[in-house]
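Here the structure comes first, spelled out in structure tokens, and everything after it is commentary.
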Amino acid sequence: METSKAINLLQNKEVAIVGGGPGGLTLARLLQLKGANVKVYERDFSKDARVQGAIVDLHFESGLKVIAAADLMDAFKANYMTGADQYRMLDQDGNVLLDEHSQVSELGFGDEHFRPEIDRGALRNILIAALLPDTVVWDSQFVSMAQVSDGWELRFKNGKTATAALVIGAEGYRSEIRSYVTDIKALYSGATIIQGEIDDPQKECPEIYALVENANLIAMGIGKTISVQPRGDGGLTFYASSLYPENWIKTSGIDFNNAEEVYAYLIKYYEDWNPIFFTLFKAGSHFVPRPLNYFPLDQDWDTKPNLTLMGDAAHLMPPSGEGVNTAMLDALDLSECLTSGEFQDLHSAIAAYEKRMRARAVILGKEAVEGIKDFASPSEESIQKLILQFSPNELSNDA
1 METSKAINLL
11 QNKEVAIVGG
21 GPGGLTLARL
31 LQLKGANVKV
41 YERDFSKDAR
51 VQGAIVDLHF
61 ESGLKVIAAA
71 DLMDAFKANY
81 MTGADQYRML
91 DQDGNVLLDE
101 HSQVSELGFG
111 DEHFRPEIDR
121 GALRNILIAA
131 LLPDTVVWDS
141 QFVSMAQVSD
151 GWELRFKNGK
161 TATAALVIGA
171 EGYRSEIRSY
181 VTDIKALYSG
191 ATIIQGEIDD
201 PQKECPEIYA
211 LVENANLIAM
221 GIGKTISVQP
231 RGDGGLTFYA
241 SSLYPENWIK
251 TSGIDFNNAE
261 EVYAYLIKYY
271 EDWNPIFFTL
281 FKAGSHFVPR
291 PLNYFPLDQD
301 WDTKPNLTLM
311 GDAAHLMPPS
321 GEGVNTAMLD
331 ALDLSECLTS
341 GEFQDLHSAI
351 AAYEKRMRAR
361 AVILGKEAVE
371 GIKDFASPSE
381 ESIQKLILQF
391 SPNELSNDA
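Residue numbers (UniProt numbering): 1 to 399.
What follows is the structure, encoded as structure tokens:
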């Protein structure tokens, strides 16, 4: 009887997920396992249109739990980066403060403290491969939507349209779907990161490449931080973090599309650091400045009968290692509410999901907001606190 109810709630209904990141793709997989009709509308032209970023760590109680629920653990184990969960932490002079590379770890799958890392692109590919053919509709940048009968008509930049009985906004912190749910705006945390990509680090910055050692490198000085992570294609992604005024990106005068201008700024800003870090800046390209915003922790809205949000679109927070994991938990919660047979209609199922989702986001968001200033602009005390009170895995930057 319960199975029948689960099927009936979404029976003959088209589900539209806007956004093909880990959260949206995970939701599509979970719903297809329950027999739902799902399409994922993604703005990228193809799955190989751009580099997906560096590695992300999945946690026992969240990301890995969801991978198991999606019946993708074997695929994950075949693609995760062994040893990439290790950390090497330096001070601004290049002295080693913490080094897991010299330690023998006995952690593995099934251990609640094991947080295996995987390349974002590899995770995305695993999820896409698990979906039915043509589930992902590429080159579908959302423009607007309007209510039609008991559903929605979605319009895309390429001129195409689609209809769905249920729409889920999963397109990240710049979500356009969010405006149809709430007008609550993001707040600025006080911190900004400058992200850079290095395509051939072994050649362009060999000393940094050796220090990273295919895992995580973080360097902390008073008032600023540099973290570096490997990409699955052999490249590196780095994040230079500090506190800046809210509109600093616009007022700085820096053309972030000009690598030489960004390099000149970074070597000046980090001038009292070990010059080895300058080689990292020099090798960088594809720079992107990112103000670290978050949605108010007390945000609330009236549940819509056939529209909801997940991941950063719902509860953006500063990087804390929880971003992808939380989005995947949202996918699991939403899929269960929609298919468990516990609810009589979509509206009540969505309301139950949003209650769970926001309760979790309040806790994780509070931790992220309180911790970001210590991370992006550390004091001597906060550096020691990070070394003593946090395991290296908990320092993972999910930016």
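We put the beta carbon where it would ideally sit given N, CA and C, even for glycine.
Inset, instruction - Would you check whether the ligand COA has a heavy atom nearer than 6 Å to the C-beta of G35? - result: In terms of ligand content, the structure shown is empty, and the ligand COA therefore cannot be addressed.
Inset, instruction - Return the residue from the list I222, L64, G234, M310 that minimises the CA-CA distance to A75. - result: L64
Inset, instruction - Note down the Cα distance separating E322 from L364, rounded to an integer number of angstroms. - result: For E322 and L364, the distance between alpha carbons rounds to 8 Å.
Inset, instruction - Please say whether D85 and R115 have beta carbons closer to each other than 7 Å? - result: yes
Legend entry - Reduced DSSP secondary structure (H/G/I, E/B, other) of Y363: Checking the sequence, you will find Ile at residue 363 rather than Tyr. The answer is helix: DSSP assigns I363 an H, G or I state.
Inset, instruction - Specify the secondary structure class of L9 as computed by DSSP and reduced to three states. - result: helix
Legend entry - Residue closest to K34, alpha-carbon to alpha-carbon, out of L334, D300, A361, L388: L334
Legend entry - Cβ-based burial, E381 [other Cβ within 10 Å; buried from 16]: It counts as exposed.
Legend entry - Check whether L154 and A28 have beta carbons under 7 Å apart: no
Legend entry - Limits of the beta strand (DSSP E) - the one that D38 falls within: At residue 38 the sequence reads Val, which differs from the Asp that was named. Secondary structure note for V38: its beta strand (DSSP E) is the uninterrupted segment 37 to 41.
Inset, instruction - Can you give me the start and stop residues for the alpha helix (DSSP H) that residue 448 sits inside? - result: An answer regarding residue 448 cannot be provided, because it is not within the stretch 1 to 399 covered by the chain.
Inset, instruction - Compare the beta carbon distance of I254 and E261 with 7 Å and say whether it is the shorter of the two. - result: yes
Inset, instruction - From the DSSP output, in three-state form, read off L395 for me. - result: In this predicted model, L395 has a pLDDT of only 40, less than 50, meaning its place in the structure is not dependable; the value taken from the coordinates is given anyway. Helix.
Inset, instruction - Check H286 in the structure and name its three-state DSSP category. - result: strand
Inset, instruction - State the start and end residues of the unbroken beta strand (DSSP E) segment that holds Y188. - result: 187 to 198
Legend entry - Proximity below 7 Å, CB of E197 to CB of T237: In contact: E197 and T237 (Cβ atoms closer than 7 Å).
Inset, instruction - Name the residue from S62, A16, K47, H59 whose alpha carbon lies nearest to the alpha carbon of residue 405. - result: This structure gives no information on residue 405, because the portion of the chain shown stretches from 1 to 399.
Inset, instruction - Compute the Euclidean distance between the alpha carbons of Y353 and N12, then round it to the nearest angstrom. - result: The straight-line gap from Cα to Cα measures roughly 21 Å.
Inset, instruction - Any chance you could list the alpha helix (DSSP H) runs of at least 4 consecutive residues sitting entirely within the stretch 103 to 184, in chain order? - result: 120 to 129
Inset, instruction - Determine the extent of the beta strand (DSSP E) in which A240 is found, giving its start and end residues. - result: 236 to 243
Inset, instruction - Run the CB neighbour count on R231, radius 10 Å, all protein chains shown included, and call it buried at 16 or more, exposed below. - result: buried
Legend entry - Rounded separation between A219 and L309 - CA only: 35 Å
Legend entry - Buried versus exposed, by CB contacts within 10 Å (16 or more), R178: Buried, since its Cβ has 16 or more Cβ neighbours within 10 Å.
Inset, instruction - Tell me whether the beta-carbon of A240 lies closer than 7 Å to the beta-carbon of I194. - result: yes
Legend entry - CB-CB length for L280 against P319, believed under 8 Å: Their Cβ separation, rounded to whole angstroms, is 19 Å, which puts L280 and P319 out of contact at 8 Å.
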